[in-house]
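Novice: Residue numbers (my numbering): 352 to 448.
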Amino acid sequence: MGFIQRRWDATVIKDNNGSMFSRRDLVLAHANKDGGTHVDPKLDEPYANLSRFNSMGWILESDGIQRMLENSVVAPSIRQIAYEVLVSLKQTITTEK
């Protein structure tokens, strides 16, 4: 298995339920089931918990008031994955010149 495949399949998120997600899991679930190409009425439970119900258990505190994180970690994670791809491509193109 090559470097790219190992990165694609490596666990990058583990939530409080013990569910683990790779870059592949996040990108494909979002693209194929969560509005990328269509919305699946029945999401896989671990992905639904991560994307809808804060299974990371993150809490925000402001002025002494705590509240659960309302936004999902999925979108920022996918943005980070896209950034990693762009940087990798830029480095590859630069070194091949």
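Even glycine gets a Cβ: it sits at the ideal position worked out from N, Cα and C.
Does Lys-384 come out as helix, strand or coil in the three-state DSSP assignment?
Specialist: Under the three-state reduction of DSSP output, Lys-384 falls in the helix class.
Novice: From Ala-426 to Ser-439, what distance separates their C-alpha atoms?
Specialist: 20 Å
Novice: Drop a sphere of 10 angstroms on the beta-carbon of Asp-376, count the other beta-carbons inside from all chains shown, and report buried for 16 or more, exposed for fewer.
Specialist: buried
Novice: Please name the residue or residues paired with Ile-416 in a DSSP beta bridge.
Specialist: Looking at the DSSP output, Ile-416 sits in a beta bridge with Ser-413.
Novice: Could you tell me the alpha carbon to alpha carbon distance between Ala-399 and Phe-354, rounded to whole angstroms?
Specialist: 29 Å
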